[in-house]
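Line by line, the protein sequences are chains A and B.
Numbering-wise (my numbering), the first sequence opens with residue -8 and increments by one.
Numbering-wise (my numbering), the second sequence opens with residue 15 and increments by one.
Using N, Cα and C, we set each Cβ at its ideal position, and we do this for glycine too.
Note that the structure is a prediction, hence the values are computed from the model and not measured.
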Amino acid sequence: DTGVSQDPRHKITKRGQNVTFRCDPISEHNRLYWYRQTLGQGPEFLTYFQNEAQLEKSRLLSDRFSAERPKGSFSTLEIQRTEQGDSAMYLCASLSGRADTQYFGPGTRLTVL
Amino acid sequence: GDSVTQMEGPVTLSEEAFLTINCTYTATGYPSLFWYVQYPGEGLQLLLKATKADDKGSNKGFEATYRKETTSFHLEKGSVQVSDSAVYFCALSLSGGYQKVTFGTGTKLQVIP
């Protein structure tokens, strides 16, 4: 069990650029979640997958955001035409079907200049 | 919608002092309740949880009791250590954690020697 990993850990980009983050869940965890955490706030839910199916999306997930989990293993979160308001920590979590606790990765910190 | 309210920080305590961090919740169903901790430079870690009314979650000397009548889940520790310095998040989830987790804003705890 190597834990949830995220890549990159830090990303600095200019406004208007596209960025993509990757999350590798704990092996055999079939549920995968994305959250966003801004400074001084708690994480906010964005979306989640069960295997490759995206089952719920928050209204926070504008049409500039897209998430995929093509083979039910790793997931990617893409933000198109980034805005300064997208600056945040993007967290990924995974969950085993046999448990009830989400395990979080270290996050990707995005800074949009 | 579902929400979590926790006391604002930062909270500064001397080593060996008693800790209480208040947390109340609003939920449409019967949520599971969690305390997560975020140590400096690290990801979110589950500290403890309780899945039904009157359950007590405990870990590393921390305790919290699920109080349905007051919709509360206050975190307590009898004697804090410098190593407990971190940000603590109260959270809830319906369906025992399978669904999205709703977090409070976090309470920063600083323990001084």
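Residue nearest to residue i in terms of C-alpha spacing, selected from the options
i: serine 64 of chain A; options: A:Arg72, A:Phe56, A:Asn42 and A:Ser57; result: A:Asn42
i: arginine 0 of chain A; options: A:Cys83, A:Asp91, A:Tyr39 and A:Tyr94; result: A:Cys83
i: lysine 122 of chain B; options: B:Gly75, B:Glu30 and B:Val101; result: B:Val101
i: threonine 38 of chain A; options: A:Trp25, A:Glu69, A:Asp54 and A:Ser18; result: A:Trp25
i: arginine 27 of chain A; options: A:Ala44, A:Ser78 and A:Phe40; result: A:Ser78
i: glutamate 29 of chain B; options: B:Val96, B:Thr119 and B:Gln113; result: B:Val96
i: serine 85 of chain A; options: A:Glu19, A:Ser49, A:Glu47 and A:Leu104; result: A:Glu19
i: threonine 4 of chain A; options: A:Ser53, A:Ala44, A:Thr73 and A:Met80; result: A:Thr73
i: phenylalanine 48 of chain B; options: A:Gln93, A:Gly98 and A:Glu35; result: A:Gln93
i: glycine -6 of chain A; options: A:Ile17, A:Phe12, A:Ile70 and A:Val10; result: A:Ile17
i: serine 107 of chain B; options: B:Ala31, B:Ala41, B:Pro24 and B:Gly23; result: B:Ala41
Coil, strand or helix - residue i by DSSP
i: valine 96 of chain B; result: helix
i: leucine 108 of chain B; result: helix
i: glutamine 71 of chain A; result: coil
i: glycine 76 of chain A; result: helix
i: alanine 44 of chain A; result: strand
i: asparagine 12 of chain B; result: No information on residue 12 of chain B is available, as it lies outside the stretch 15 to 127 that chain B covers here.
i: valine -5 of chain A; result: coil
i: isoleucine 17 of chain A; result: coil
i: lysine 5 of chain A; result: coil
i: serine 65 of chain A; result: Here the sequence assigns phenylalanine to residue 65 of chain A, which means serine is not the residue at that position. Correct three-state label for phenylalanine 65 of chain A: coil.
Beta-carbon spacing of residue i, residue j below 8 Å
i: valine 94 of chain B; j: valine 125 of chain B; result: yes
i: threonine 38 of chain B; j: threonine 85 of chain B; result: yes
i: alanine 78 of chain B; j: alanine 64 of chain B; result: yes
i: arginine 6 of chain A; j: leucine 104 of chain A; result: yes
i: leucine 58 of chain B; j: phenylalanine 95 of chain A; result: yes
i: leucine 30 of chain A; j: arginine 60 of chain A; result: no
i: threonine 119 of chain B; j: glutamine 32 of chain A; result: yes
Whole-number beta carbon distance between residue j and residue i, since they are thought to touch under 8 Å
i: lysine 91 of chain B; j: glycine 75 of chain B; result: 5 Å
Neighbour flag for residue i against chain A, beta carbons, 8 Å
i: glycine 57 of chain B; result: yes
i: serine 46 of chain B; result: yes
i: threonine 119 of chain B; result: yes
i: valine 25 of chain B; result: no
Interface flag, residue i vs chain B, CB-CB below 8 Å
i: threonine 92 of chain A; result: yes
i: glutamine 32 of chain A; result: yes
i: tyrosine 81 of chain A; result: no
i: leucine 86 of chain A; result: yes
i: glutamate 74 of chain A; result: no
i: arginine 13 of chain A; result: no
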